Amino acid sequence: MILRKPVRSASGVVVVATMCCSFSCPHGRCLYCPRFPGIPASYTGFEPSSMRGFQNVFDPFLQVSDRIAQLEQGGHSTDKVELIIQGGTFPALDRSYQEWFVKSCLDGIHGSVSEDLSQCHQAAEHAKRRCVGLTVETRPDYCKEADVDFMLKLGVTRVEVGVQSPFDDVLLRVCRGHDVEEVVDCFRIAKDSGLKVVAHMMPGLPGSDIDRDLEGFRLLFQDERFRPDMLKIYPTLVVKSTGLYDTWLRGDYVPLEPEDAAMLVAEVKKMVPPWIRLMRVQRDVPSNLIIAGVRKSNLRELAWDYLRKEGSKCRCIRCREVGLRRDSKGPYDLKLKSIRYSASEGEELFLSYEDSSHDIIFAYLRLRFPSSKAHRPEIAGEKVCLVRELRSLGTSLPLGTRDESSWQHKGLGKSLMSEAERIADEVYGARKLVVTAAVGTRQYYRSLGFSLEGPYMSKRIGN
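Going by the numbering used here, the letters in the sequence shown line up with residues 6 to 468, in that order.
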């Protein structure tokens with residue numbers, strides 16, 4: 006079957022986004038945040054996931070089943086599903102609702118109804134269609150130790166954190182309800198627990214300007230307190246039913262122009278480290294709802310145009326993925342590379358298989374030596390290294406199959422795990438290697454000698 010929108014499965018998985026129910030944000034309301042009847046906070050109801058949620062009465066099982074059917078009709082393999090739960094601050098919801106929602110999403114992936122979350126996880130481990138990643142959105146003040154512990158119980162492997170700005174005065178001006186120190190704590194707690202961290206940033210907020218926004222991104226990348234794994238850039242938009250709309254009406258706020266936003270994104274792309282994946286550069290908001298701000302929907306392409314004119318390029322993971330680099334056909338010369346950097350009071354090692362001459366990445370692994378503040382009993386108290394992410398790139402293949410046209414299932418992941426184990430033992434003196442494994446990947450890690458320990462897969466190493 007001919008693939009419709011090949012990019013949907015070009016990164017080794019298919020993404021299924023679901024939307025939770027509408028609820029009031031616990032801290033109040035940010036200046037820029039839209040609220041529409043029956044739609045979760047910060048969403049308009051016209052995003053694809055919002056519309057699927059509305060059409061399926063926000064039932065998670067129906068939303069997942071509907072999206073998987075759409076992807077399969079487009080010719081995509083859905084054996085490996087990356088699940089994203091949207092709708093604002095998911096950890097602020099009642100925990101019984103969170104558990105029901107996640108269970109129902111996973112049931113929708115593997116196509117049967119479980120009695121409880123434990124039974125659901127057991128079924129998900131062996132299902133034909135498996136969840137290989139689970140993401141929730143949250144605020145920094147809802148990513149404390151207890152919040153993260155419950156996320157891990159649910160099977161969460163990644164958090165998307167609304168940072169918005171790394172400056173306290175800007176956060177105060179937009180009524181954000183938390184400060185930068187809570188962002189710093191959130192990043193450390195999440196990473197020390199083995200979670201991947203996606204930072205959401207909003208250039209163009211009141212109290213900032215282009216120069217200060219660029220300073221903020223530089224801080225995010227270079228300051229060891231931050232250094233996220235992934236990034237989404239959402240230029241500030243003025244929409245009705247927000248405090249920012251009233252501020253704009255009074256003439257007290259001037260939003261980013263499209264040309265300035267494109268230039269800013271291009272500058273960010275030039276400075277982004279090669280171990281960060283730039284996932285998105287603008288929200289899915291229909292232009293007719295945008296009163297002021299960036300109405301053009303091709304901001305990433307406009308930024309690329311800036312880079313091409315300058316002879317520059319972006320070296321984020323996404324721009325170098327083998328499945329997305331249609332301009333290069335090989336042959337390739339894969340080499341194992343490593344980048345070591347300090348982050349959130351711990352040390353990170355980014356291992357990857359790359360072809361340097363083509364600047365293409367084929368697979369990567371994130372290994373962390375956690376800080377002394379790590380709170381999880383599986384991690385604290387002895388020398389432990391964490392595998393926070395393992396990803397083989399290229400067009401997603403069904404489980405247990407091979408295809409010469411894809412770089413999946415060629416042993417790159419296994420090789421990276423072997424190298425991570427060696428480094429954990431020889432460099433860090435770790436006695437245990439712990440993997441934050443989505444429920445659908447547990448069988449893979451069992452085949453490498455790991456066993457279930459709490460929410461993790463772990464393995465004793467060294468002498």
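Glycine residues also receive a C-beta, built at the ideal position from the N, C-alpha and C atoms. Bear in mind that the values here come from a model prediction, so they are computed numbers and not experimental data.
Going by DSSP, which residues form a beta bridge with residue i?
| i | result |
| --- | --- |
| S456 | S463 |
| R135 | K85 |
| L342 | Residue identity differs from the one stated: residue 342 is Lys in this sequence, not Leu. In DSSP, K342 forms a bridge with S357. |
| Q169 | M206 |
| Q91 | M24 |
| K108 | Answer is none; K108 lacks a bridge partner. |
| L372 | L354 and V392 |
| T143 | V166 |
| R282 | M235 |
| A271 | According to DSSP, A271 bridges with nothing at all. |
| L159 | In the DSSP output, where bridge partners are listed per residue, L159 has none listed. |
| A46 | In DSSP, A46 forms no bridge with anything. |
| K437 | V389 and R465 |
| A297 | V243 |
| A348 | G351 |
| K201 | R163 |
Let me confirm a value: residue i is counted as buried when at least 16 other C-beta atoms fall within 10 Å, else exposed. Which label applies?
| i | result |
| --- | --- |
| M462 | buried |
| R393 | buried |
| A490 | Lying outside 6 to 468, the shown extent of the chain, residue 490 is not represented and no answer is given. |
| S452 | exposed |
| D112 | buried |
| V19 | buried |
| G454 | exposed |
| I7 | Because the pLDDT at I7 is just 47, under 50, the model does not fix this residue reliably, and the value given afterwards should be weighed accordingly. Exposed: under 16 other Cβ atoms inside 10 Å. |
| Y450 | buried |
| H131 | exposed |
| M422 | buried |
| Q60 | exposed |
| S117 | exposed |
| R144 | buried |
| D84 | buried |
| I322 | buried |
| P53 | exposed |
| K133 | exposed |
| S317 | exposed |
| L157 | buried |
| Y147 | buried |
| I428 | buried |
| E186 | exposed |
| D46 | Here the sequence assigns Ala to residue 46, which means Asp is not the residue at that position. By the 10 Å Cβ count, A46 comes out buried. |
| Q78 | exposed |
| P353 | Note on residue identity: the sequence assigns Glu, not Pro, to residue 353. The residue is buried, with at least 16 neighbouring Cβ atoms inside 10 Å. |
| R163 | buried |
| K196 | buried |
| D218 | buried |
| R100 | exposed |
Which of the three DSSP states is assigned to residue i in this structure?
| i | result |
| --- | --- |
| H380 | coil |
| E394 | strand |
| K469 | With the chain covering only 6 through 468, there is no way to say anything about residue 469. |
| I7 | Any answer about I7 is weak, because its pLDDT of 47 lies below 50 and its placement is not dependable; what the coordinates show is given next. DSSP places I7 in coil when its eight states are reduced to three. |
| M207 | coil |
| Q287 | coil |
| V175 | helix |
| F63 | coil |
| G328 | coil |
| I365 | strand |
| Q448 | helix |
| S119 | coil |
| G316 | coil |
| V188 | helix |
| K196 | helix |
| V69 | helix |
| G416 | coil |
| R34 | coil |
| R230 | coil |
Report, in whole angstroms, the separation of the C-beta atoms of residue i and residue j, which I expect to be a contact under 8 Å.
| i | j | result |
| --- | --- | --- |
| K314 | L307 | Contact doesn't hold; Cβ gap of about 11 Å is too wide. |
| L417 | S397 | 5 Å |
| K201 | M235 | 7 Å |
| Y258 | L269 | With a Cβ gap of about 17 Å, Y258 and L269 do not count as contacting. |
| G95 | V141 | Note that residue 95 corresponds to Phe in the displayed sequence, not to Gly. The pair is a contact, with the Cβ atoms about 4 Å apart (cut-off 8 Å). |
| K108 | C125 | 5 Å |
| R232 | A348 | 4 Å |
When the cut-off is 7 Å and only beta carbons count, does residue i lie next to chain B?
| i | result |
| --- | --- |
| M206 | Among the chains of the structure shown, chain B does not appear; only one protein chain is present. |
**Request:** Mind the definition here: the stretch 355-362 touches the stretch 382-393 only if three or more C-beta pairs lie below 8 Å; say whether that holds.
**Result:** no
**Asked** Is the stretch 19-29 touching the stretch 86-106 in the sense that three or more CB pairs, one from each, lie closer than 8 Å?
**Response** yes
**Prompt:** Are there three or more Cβ pairs, one per stretch, closer than 8 Å when the stretch 160-177 is compared with the stretch 201-213?
**Reply:** yes
**Message:** For the structure I just gave you, are there three or more beta carbon pairs, one from the stretch 232-250 and one from the stretch 292-300, closer than 8 Å?
**Reply:** yes
**Item:** Stretch-stretch touch, CB-based, cutoff 8 Å, three pairs: the stretch 177-196 with the stretch 433-445
**Value:** no
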